[in-house]
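**Student:** Below: one structure in C-alpha cells.
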Amino acid sequence: MLTLTLACAAYDRTRPLIDGRVAIEGVVLQATTLHPEAAFARAKAAEFDLTELSLSGYLRSLEAGNPPYVALPVFPSRAFRHGGIYVHAGKGIRSPSDLRGRIIGTPDYKTTANVWIRAFLAHDHGVQPHEIQWVEAPMEAGEPGPAAATAVPGVSILAPPDQDLAGMLARGEIDAVIGAKVPSSFGAGQDAVVRLFPDHQRVEQAYYRRTGFFPIMHLLGLRRELHERHPWLAQAVCHGFEAARRMALQDIRDVCQLAATLPWVTAEYQRTVDLMGEDYWPYGLDANQEVLQAFALYHFQQGLSGRLHAPRDWLAPTDFSSNRITTRSA
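Okay, structure coming up:
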C-alpha cells in the first residue's frame with residue numbers, strides 16, 4: 041500500500057475520500073482540507089502527493105516545462121461566471137458592450153475565472169481585453185496584493201499600491217470588478233455596486249444551452265515522480281475520485297435527509313438535470329474534450345500561454361468507462 045497526501049477543499053464530491061467512506065485502491069490517503077488558494081500556494085513547493093490545482097495555473101506551469109504535477113481529468117471545481125462581474129451603479133454600464141474603454145479591477149488577471157469571463161465578453165459580446173484598462177489589487181483592504189502587475193502583450197494592466205478593489209469600486213474610482221470573489225461593497229444595504237447580470241442564472245443557463253460548456257475551474261494534480269514510478273496510480277486515483285463524485289450525487293438525490301442546508305436542494309438538482317442531463321459534472325477527458333479545448337484556446341488567445349496546449353498532451357491517460365468503485369465499510 042502507498043501512503044499519499046492530498047490537499048483539496050472539502051467539497052461534497054471530495055468529502056467521501058476525506059472521511060474514508062471511499063478508498064483509493066492500493067492507497068492509504070492522508071487528506072488535508074484547504075481553501076483552494078491555500079492549496080495552490082502550497083502546490084508551488086509540491087508539498088502534497090495529490091493536490092487541487094488551478095486550471096489556468098496548470099497551463100501556465102506547462103510554459104516552463106516538466107511541472108511537478110501530472111494533471112488528472114478530475115475536476116473538483118466548476119462554476120458559471122456570468123455572476124462574477126460587478127459594476128458601479130452610477131457609471132451607466134447596462135450591458136457588456138458598455139465595458140469597452142472602462143477601468144476594470146481584478147485581484148489576479150491570470151485566474152481561471154477571469155479567463156472564462158474575458159472569453160465570454162470577447163466571443164459573445166465583442167469586448168476584447170485590450171479595449172479595457174485593467175487594475176490588479178487585493179479585493180479587500182488588508183489582503184496581500186500582487187508584487188507586480190501581470191505582463192500580457194498588448195494589454196494595459198496597472199497595480200496601484202495601497203488600494204483595494206471593493207473600496208475603489210464603491211467610490212467610483214474604477215468602473216467594474218471581475219472575478220470569483222464577491223466585493224464587500226456589494227450586498228444588502230449598499231446600492232453603489234450592482235451585478236452586470238442581475239439574473240445571472242438565466243444568462244448562464246442560456247450560455248450552457250448555446251455552448252454546452254459547464255466551465256472547469258480546478259483539476260487534480262498527481263506528483264510527477266509518483267506517476268512515473270507507479271503507472272497504475274493515476275487510474276486508481278481517478279477511480280477513487282469518481283466513486284466519491286457518484287456518492288455525492290447519491291446524497292443529493294436522497295430526499296430522506298437533505299445533503300445541503302437548503303430546503304429545496306433536491307428540486308434544484310432536478311432542474312439542473314432537466315437542463316444539463318444526469319451526468320452534468322463529468323470527469324474524464326472524453327466527456328470534457330470540448331470545454332477543455334475551448335479553455336486552452338482562450339488561455340492562448342489572452343496571452344497567458346505561449347502556444348496552444350491540446351488537452352491530450354497534458355492530461356494523464358485514464359479510463360472512466362469502468363463502473364468499478366471501491367468503498368470502505370462503515
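So in our numbering, spot 298 of the sequence shown is number 338, and the numbers just go up one at a time.
Backbone N, C-alpha and C define an ideal beta-carbon position, used for all residues, glycine too.
(1) Thinking C-beta only, is Gly97 closer than 8 Å to Pro147?
(2) What residue range does the alpha helix (DSSP H) around Leu205 cover?
(3) Could you say which of Leu95, Arg269 and Asn154 lies nearest to Glu176 if we only look at CA atoms?
(4) Are Arg263 and Asp89 closer than 8 Å when you measure CB to CB?
(5) Taking C-alpha atoms, which residue in Asp239, Ile143 and Trp174 lies nearest to Arg121?
(6) Quick one: what does DSSP say Thr43 is sitting in, helix, strand or coil?
(7) So for Glu103, helix, strand or coil by DSSP?
(8) Straight-line CA distance for Leu77 to Tyr109?
(9) Would you mind stating whether Ala274 and Ala356 have Cβ atoms separated by less than 8 Å?
(10) Cα separation between His75 and Asp52?
(11) Following the continuous beta strand (DSSP E) through Met316, name the residue where it begins and the one where it ends.
(12) Arg121 bridges to which residues according to DSSP?
(13) Could you pull the start and end residues of the alpha helix (DSSP H) that Gly280 belongs to?
(14) Give me the Cβ distance between Pro223 and Met257, rounded to the nearest whole Å; I'm assuming they're in contact under 8 Å.
(15) For Leu57, is the classification buried or exposed, using 16 other Cβ atoms within 10 angstroms of its Cβ as the cut-off for buried?
(16) Compare the C-alpha of Pro193 against each of Glu103, Leu344 and Leu93 and name the closest.
(17) If you draw a straight line from the C-alpha of Ile365 to the C-alpha of Gly324, how long is it?
(18) To which residues of the same chain is Pro184 closer than 7 Å at the C-beta, ignoring the five residues directly before and after it?
(19) I'd like to check one pair, Leu332 with Tyr248: are the Cβ atoms closer than 8 Å?
**Tutor:** Looking at the coordinates:
(1) No. Outside cutoff.
(2) Per DSSP, Leu205 belongs to the alpha helix (DSSP H) from Leu205 to Arg211.
(3) With distances taken between Cα atoms, Glu176 lies closest to Asn154.
(4) Their beta carbons are under 8 Å apart, which means Arg263 touches Asp89 by this criterion.
(5) Measuring from the Cα of Arg121, the nearest candidate turns out to be Asp239.
(6) Secondary structure at Thr43: strand, using DSSP grouped into helix, strand and coil.
(7) If DSSP states are grouped into helix, strand and coil, Glu103 belongs with the helices.
(8) This sequence places Glu at residue 77; Leu is not what is there. About 17 Å.
(9) Yes; because the gap between Cβ atoms is below 8 Å, this pair is in contact.
(10) Looking at the backbone, the Cα of His75 and that of Asp52 are separated by about 14 Å.
(11) Counting along the chain, Met316 falls outside any beta strand (DSSP E), though it belongs to the alpha helix (DSSP H) covering Val305 to Met316.
(12) According to the DSSP secondary-structure assignment, Arg121 is paired through a beta bridge with no residue.
(13) Here the alpha helix (DSSP H) through Gly280 covers Leu273 to Arg293.
(14) The beta-carbon separation of Pro223 and Met257, rounded to 19 Å, does not stay under the 8 Å limit for a contact.
(15) Residue burial annotation: Leu57 is buried, with at least 16 other C-beta atoms found within 10 angstroms of its C-beta.
(16) Of Glu103, Leu344 and Leu93, the residue nearest in Cα terms is Leu344.
(17) Reliability of the predicted coordinates at Ile365 is poor, the pLDDT of 40 falling under 50, and the value obtained from them is presented with this limitation in mind. The straight-line gap from Cα to Cα measures roughly 15 Å.
(18) Closer than 7 Å at the Cβ level, and outside the excluded window around Pro184, lie Pro178.
(19) Between Tyr248 and Leu332, the C-beta gap is not smaller than 8 Å, which leaves the two residues out of contact.
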